[in-house]
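Peer 1:
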Amino acid sequence: VMVIGAQILARSIGIDLTFADMGWMQSVVMLFALIPFTFAGGLGVREVGLVFMLSGFGVQPEAALAFSLLLFARQVLLGIAGGISEAVRTVRVQRSQ
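Numbered according to our numbering, the sequence shown spans residues 40 to 136.
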């Protein structure tokens with residue numbers, strides 16, 4: 040599901056990759072996200088790594104960075120949705136007791 044979502048985001052900004060390419064890149068990006076430091080301008084290892092990997096497919100750095108930031112935004116929005124859902128559930132449970 041994550042790979043399909045990433046592929047939809049990529050195609051929305053003009054990046055056309057195969058399912059397999061998107062899959063292995065998603066795996067590598069998830070590993071990059073575990074490295075806890077940033078580069079110049081506040082860009083993280085994940086963003087720099089994705090720009091580097093996508094450059095091998097002929098993707099312009101601006102589009103690759105936009106794609107990386109879209110992936111990050113998706114992750115944050117899903118986290119917020121999950122947090123709200125959990126908060127609502129917790130409040131309902133507390134009210135029913």
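Quick reminder that beta carbons are idealized off the backbone N, C-alpha and C, glycines included.
For residue 100, I'd like the list of residues in its chain whose CB is within less than 6 angstroms of its CB, leaving aside the five on either flank, ordered along the chain.
Peer 2: 90
Peer 1: At which residues does the alpha helix (DSSP H) containing residue 99 begin and terminate?
Peer 2: Per DSSP, residue 99 belongs to no alpha helix (DSSP H) and is neither H nor E.
Peer 1: In the DSSP assignment, the alpha helix (DSSP H) including residue 53 goes from what residue to what residue?
Peer 2: Per DSSP, residue 53 belongs to no alpha helix (DSSP H) and is neither H nor E.
Peer 1: Do residue 58 and residue 40 count as a contact pair if the criterion is CB distance below 8 angstroms?
Peer 2: Not a contact, by the Cβ cut-off of 8 angstroms.
Peer 1: Under the assumption that residue 113 contacts residue 70 (Cβ atoms under 8 angstroms), give the Cβ distance between them as a whole number of angstroms.
Peer 2: Actually they do not touch by this definition, with Cβ atoms about 18 angstroms apart.
Peer 1: Of the residues 118, 86, 53, which one's Cα is nearest the Cα of residue 74?
Peer 2: 86
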